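Chains as they are written, first to last, in the numbering used here: chain A, 1 to 117; chain B, 1 to 117.
For reference, the structure is listed below as structure tokens.
There are 2 protein chains.
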Amino acid sequence: MLVSRCENVEGKAVTDPEAKEVTIRVLMGDNVGAPNFAMRHFSLAPGGSTPYHTHPWEHEVFVLSGNGKVLQKGGAMAVAAGSFVYVPPDEEHSFVNAGDSPFAFLCVIPAAKFCLR
Amino acid sequence: MLVSRCENVEGKAVTDPEAKEVTIRVLMGDNVGAPNFAMRHFSLAPGGSTPYHTHPWEHEVFVLSGNGKVLQKGGAMAVAAGSFVYVPPDEEHSFVNAGDSPFAFLCVIPAAKFCLR
């Protein structure tokens with residue numbers, strides 16, 4: 001068993017050129033030998049956003065703090081602490097900080113072996 | 001894409017006789033056709049606890065609010081908002097509300113098809 005805290009995990013800037021002011025912390029993944037899925041913590045500074053993109057795996061997202069928007073084909077939806085978002089495989093999406101404080105959320109993805117099809 | 005809020009999901013009392021004062025909300029699972037894993041929200045009232053048990057699948061847990069304890073073979077560890085817990089397959093564990101307010105956490109498990117081995 002691993003018991004730790006989010007702030008004990010080193011945050012890394014997401015280097016994708018289309019990501020703005022995004023910090024990722026991989027809480028549980030290869031570090032614990034997680035066999036099926038990985039939980040990551042994202043923090044977007046004010047003005048920050050993740051790329052508007054698609055990929056062949058799903059996201060399960062839970063918003064922890066701040067005010068954000070989820071962009072999708074049909075438009076944008078506001079989210080805040082307690083919101084959750086299911087992004088199916090191959091669906092366009094982006095997460096945007098729409099407030100003045102950090103916008104933080106968890107995003108769970110399948111382990112790499114399930115990302116290929 | 002599904003965008004919703006935790007409180008919009010009906011909470012159900014966990015009926016396992018060894019669970020005390022535990023409410024579960026399945027945020028993303030069969031309801032969205034999640035192919036690989038399910039995110040559940042648990043709230044334990046003061047005095048509440050989950051069974052001390054094992055099973056052949058892992059948990060990835062993130063604590064949202066309240067003060068809790070994680071019981072394991074080696075003893076107990078305190079957790080609070082921002083704590084995360086990886087419970088490997090087949091490892092004894094229990095979550096206990098150690099405070100006077102609800103103790104809430106997310107717990108992600110693999111989809112049923114991966115729980116068998």
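Using N, Cα and C, we set each Cβ at its ideal position, and we do this for glycine too.
Just so it is clear, the structure is predicted and the values come from calculations on it, not from any experiment.
One alpha carbon belongs to residue 46 of chain A, the other to residue 79 of chain A, and they sit about 15 Å apart.
The residue from A:24, A:10, A:22, A:108 with its alpha-carbon nearest to that of residue 89 of chain A is A:108.
Between the region 52-69 of chain B and the region 32-40 of chain A, the count of Cβ pairs shorter than 8 Å is three or higher; the stretches touch.
In the structure shown, residue 67 of chain A adopts extended strand secondary structure according to DSSP, grouped into three states.
Put simply, of B:14, B:6, B:91 the residue whose alpha carbon is nearest the alpha carbon of residue 71 of chain B is B:91. Residue-level contact by beta carbon fails for residue 52 of chain A and chain B, as no gap is shorter than 8 Å. At a cut-off of 8 Å, the C-beta of residue 13 of chain A has no neighbouring C-beta in chain B. Boundaries for residue 6 of chain B: no beta strand (DSSP E) harbours it, and the DSSP string shows neither H nor E there.
Every beta strand (DSSP E) of 3 residues or more that sits fully in the region 76-107 of chain B is shown, in chain order, as 83-87, 94-97. According to DSSP, residue pairing for residue 60 of chain B in a beta bridge involves B:86, B:108. Straight-line measurement puts the Cα of residue 64 of chain B at about 8 Å from the Cα of residue 64 of chain A. Annotated three-state conformation of residue 26 of chain B is strand, per DSSP. Counted as a single uninterrupted DSSP element, the beta strand (DSSP E) harbouring residue 48 of chain B occupies residues 37-49.
When A:5, A:24, A:82 are compared, the shortest CA-CA separation from residue 50 of chain A is found for A:24. Residues of the region 32-53 of chain B with a C-beta less than 7 Å from any C-beta of chain A: 32, 34, 35, 36, 37, 39, listed in chain order. From the beta-carbon of residue 56 of chain A, no residue of chain B is found nearer than 8 Å; the closest lies around 11 Å away.
If you compare the alpha carbons of B:86, B:22, B:41 with that of residue 105 of chain B, the shortest gap goes to B:41. Along the region 76-102 of chain B, going in chain order, the ones with a CB nearer than 8 Å to a CB of chain A are 77, 79, 82, 83, 84, 85, 86, 87, 88, 89, 91, 93. Residues 58, 59, 60, 61 of the same chain have their beta carbon placed closer than 8 Å to that of residue 86 of chain B, with the five preceding and five following residues left out of the count. Ranked by Cα distance from residue 15 of chain A, the options A:93, A:112, A:48 are led by A:48. When only Cα atoms are considered, residue 44 of chain B and residue 17 of chain A end up about 42 Å apart. Residue 84 of chain B is positioned such that its CB atom lies closer than 8 Å to that of residue 28 of chain A.
Excluding five sequence positions before and after residue 76 of chain B, the CB atoms of its chain that fall closer than 8 Å to its own CB belong to 69, 70, 96, given in chain order. As computed with DSSP, residue 53 of chain B is found in a beta bridge with B:93.
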